[in-house]
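Novice: Would you mind keeping the following structure in view while I ask a few things?
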Amino acid sequence: MKTMRDFCGWMSPEPAPEAAWRQTLESIMAQRGQTSGDGLEVRLAANGLIATNGSLCHLAERQGVLVLISGRPQFSEPLSSGEQAAARVLDLWRERGADTPKSIQGSFALAIVDTPRREALLAIDRLGIETLAFAQTGASLVFSNRADLVAAHPEVEADLDPQGLFNYLYFTMVPAPGTIFQGVEKLLPAQRLHWRNGRVERGFYWHLAYRDEPRRDFEEQARCFRQLLRDGVERARGSDEVSAFLSGGTDSSTVAGLLTEIQGKPARTYSIGFEAEGFDEMEYARIAARHFGLDAREYYLTPRDVLDIIPLVARQYDEPFANESAVSAYLCARLAADDGYRVMLGGDGGDEILGGNERYAKQKIFEFYGRIPGWVRGGFIEPFVALPGVDRVMPARKLKSYVRQANVPLPDRMEAYNFFHRQPLEAMFTPEFLAQVDPGQPLVLLRDPYERADSRHFINRMLHLDLKFTLADNDLRKVSAMTEAAGVEVRYPLIDDALVEFSGQVPPDWKVKGNYLRWFFKRALWDYLPRPILTKSKHGFGLPFGIWLRDDRALADHVRGRLADLSRRGWLRPDYIARIQSDHQSLHATYFGKMIWMMLMLEEWVAK
70 MKTMRDFCGW
80 MSPEPAPEAA
90 WRQTLESIMA
100 QRGQTSGDGL
110 EVRLAANGLI
120 ATNGSLCHLA
130 ERQGVLVLIS
140 GRPQFSEPLS
150 SGEQAAARVL
160 DLWRERGADT
170 PKSIQGSFAL
180 AIVDTPRREA
190 LLAIDRLGIE
200 TLAFAQTGAS
210 LVFSNRADLV
220 AAHPEVEADL
230 DPQGLFNYLY
240 FTMVPAPGTI
250 FQGVEKLLPA
260 QRLHWRNGRV
270 ERGFYWHLAY
280 RDEPRRDFEE
290 QARCFRQLLR
300 DGVERARGSD
310 EVSAFLSGGT
320 DSSTVAGLLT
330 EIQGKPARTY
340 SIGFEAEGFD
350 EMEYARIAAR
360 HFGLDAREYY
370 LTPRDVLDII
380 PLVARQYDEP
390 FANESAVSAY
400 LCARLAADDG
410 YRVMLGGDGG
420 DEILGGNERY
430 AKQKIFEFYG
440 RIPGWVRGGF
450 IEPFVALPGV
460 DRVMPARKLK
470 SYVRQANVPL
480 PDRMEAYNFF
490 HRQPLEAMFT
500 PEFLAQVDPG
510 QPLVLLRDPY
520 ERADSRHFIN
530 RMLHLDLKFT
540 LADNDLRKVS
550 AMTEAAGVEV
560 RYPLIDDALV
570 EFSGQVPPDW
580 KVKGNYLRWF
590 FKRALWDYLP
600 RPILTKSKHG
610 FGLPFGIWLR
620 DDRALADHVR
630 GRLADLSRRG
640 WLRPDYIARI
650 QSDHQSLHAT
660 YFGKMIWMML
670 MLEEWVAK
């Protein structure tokens, strides 16, 4: 089976002949190179259809109501022997209607088509592990786990959206609720959509409760945390034979260690290395392997691997996606699949629930400025940094830069170093393209989860933003899609629902203590994890793509051809693309390599 969770469906106010439904379905599935014979399961009702070929999708039908639920849903009352998750959802729909998602935990995408009542309900899980895209066409609703399948529906036939292209280039992915297609949207984490007779109501069925106030029961909370970690790994493992990613960081090392304890034998892990200075973290993966006695496997990635995998990455995603560590994730999953594993555990999410990203400490320094009395700031500091010639003295120059940045509110301040803000947009984009977009939309998208956070503290609000942008829009999409491409299911024990709920009650001064990141996590596991892993700086699975692009001829030739094609699209100015390529060669291979990767993956995706 090529895929593990693909589905699509639609509902119309008027009944359609079965032949028409099936013709439409064939048209959509052809976009993925599939036919109705590719293990496709189809359920029809008078006004709707749901189809899936995913092994992680479950269908049920009763009295004209169709239900699909994908992923690993969990319920307050465990399923009885032989009971299917979709059948349980049918019962919940009858009892609770649009509140049905409140009774479901775990990872899931949910679609309910109720033809007798002419209603539909769409929802995804609390953290956005699963995805769901949709479009309204007149009085009809079209939906799928993939935005490109929605766009392919004959009633949608969506073109590429200039705003979606702009947002991709700004963020290196297309963040929800937008997509790369005009008129096609994605649900946000913990969001539901209730469709009734052609009208749509959207809202959130869950939010994470944050605690802002300090607490003094560290030992008790640490014991609870350690138990929740173990429970999360145990639930994620279930009854399956599983392996795990191992980067050598705190999260993946913790998961691998707990998995070894729970299953009573060394956990099989997979790590990726790079023959490039400053990128290889295999040393830390080996430290974790020795410490926990892991059954560790290693692979050193090469430029040839990158060149071979680039087309696969473009095909797998329903939108352009430029997280370069997708290549590493795919290779880990493929190695696991070759060894017979069909499930892997990932360590994603720990930074976003417990304060592990470097910007939390950096922004804490800027937030301090706001606590200085206004009369001191306005009467002394700001008049001083405004004096002519103050820039010529280094300490004063740094102070002026600090004041300028500190006066920009969060979350906008975090974007100060985005390359979009380092040159005029007119130097990047063609006039025709710029005329079709709102350059301010990225900041509006960032402000939404920041301001929706159930907290007044900037650390919690930044965490809430990162749960959406860093985790749901980026890291989870990266790992889930790449493991699926390898024929492997991935599960994320660190964002188990109970652990996420607990994290909200960890106070901000335990998450980032002074400038020390993830203080609570590390202190709670101080005697569990190896000391070098606890004290190392954060890295991850980043690729030395920029260095390899500079030094590997085959990779450079491929990229050069793709960027020549991109320059003819009419979006980015050809001279801008040429300048980035020149700066990559002469100035900073890694920094400009990331920008080239983003442009490369856009062209690869469009041309696939």
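For the record, in the sequence shown the residue sitting at position 468 is 537 according to our numbering, with numbers rising by one throughout. A virtual CB, placed ideally from N, CA and C, is assigned to each residue, including glycine.
#1: Quick check on the DSSP output: what are the complete beta strand (DSSP E) runs of length 3 or more inside the stretch 526 to 574, in order along the chain?
#2: Would you kindly work out how many angstroms separate the C-alpha atoms of R482 and D417, rounded to a whole number?
#3: What residue from G317, F343, D349 and H360 has the CA that sits closest to E330's CA?
#4: State the Cα-Cα distance for the pair D535 and P562, rounded to the nearest angstrom.
#5: With distances taken Cα to Cα, identify the nearest neighbour of A555 among R411, R546, L191 and L135.
#6: Taking only the alpha-carbon atoms, compute the straight-line gap between S636 and D578 and give it to the nearest angstrom.
#7: Three or more C-beta pairs closer than 8 angstroms, one from the stretch 421 to 437 and one from the stretch 581 to 588: is that the case here?
#8: Identify, in the order they occur along the chain, each residue of the same chain with its Cβ nearer than 8 angstroms to the Cβ of Y519, setting aside the five sequence neighbours on each side.
#9: By Cβ distance below 7 angstroms, which residues in the same chain neighbour H627 in space, the five residues on each side in sequence not counted?
#10: Can A227 and A204 be called in contact, C-beta distance under 8 angstroms?
#11: Can the beta-carbon of A593 be found closer than 8 angstroms to that of A291?
#12: Going straight from the alpha carbon of F235 to that of K255, what length do you get?
#13: Decide if C77 is buried, meaning its Cβ has at least 16 other Cβ atoms within 10 Å, or exposed.
#14: In whole angstroms, what separates the C-alpha of V302 from that of L137?
#15: Along the chain, where does the beta strand (DSSP E) that runs through H127 open and close?
#16: For D460, count the other beta carbons within 10 Å of its own beta carbon; 16 or more makes it buried, fewer makes it exposed. Which is it?
#17: So P576 and R280 are supposed to be a Cβ contact under 8 angstroms. How far apart are they, rounded?
#18: Below 8 angstroms between beta carbons: does that hold for G123 and D194?
#19: Suppose the cutoff is 6 angstroms on Cβ atoms and the five residues either side in sequence are ignored; what does the same chain contact list for A383 look like?
#20: Kindly indicate the opening and closing residues of the alpha helix (DSSP H) around R141.
#21: Step through the CB atoms of chain B and report whether any lies within less than 8 angstroms of the CB of R195.
#22: Going by the beta-carbon positions, is the gap between G247 and Q260 smaller than 8 angstroms?
#23: Can you tell me whether P86 is buried or exposed? The criterion is at least 16 other CB atoms within 10 Å of its CB, across all chains shown.
#24: Quick one: is M214 buried, meaning 16 or more other Cβ sit within 10 Å of its Cβ, or exposed?
Specialist: Answer, in terms of the structure:
#1: Secondary structure in the stretch 526 to 574: the beta strand (DSSP E) runs of 3 residues or longer, each lying completely within the stretch, are 558 to 560 in chain order.
#2: 25 angstroms
#3: H360
#4: 18 angstroms
#5: Closest by alpha carbon: R411.
#6: 48 angstroms
#7: yes
#8: Hits under 8 angstroms: L479, P480, R530, M531, H533 and L534.
#9: L376
#10: In terms of Cβ geometry, A227 and A204 form a close pair [threshold 8 angstroms].
#11: Note that the C-beta distance between A593 and A291 is below 8 angstroms.
#12: 17 angstroms
#13: buried
#14: 26 angstroms
#15: C126 to R131
#16: exposed
#17: 6 angstroms
#18: no
#19: E673, W674 and K677
#20: Not the alpha helix (DSSP H): R141 falls in the beta strand (DSSP E), residues V134 to F144.
#21: You won't find chain B in this structure, because it holds only one protein chain.
#22: no
#23: exposed
#24: The question names Met, but residue 214 is Asn in the sequence shown. Buried is the call here.
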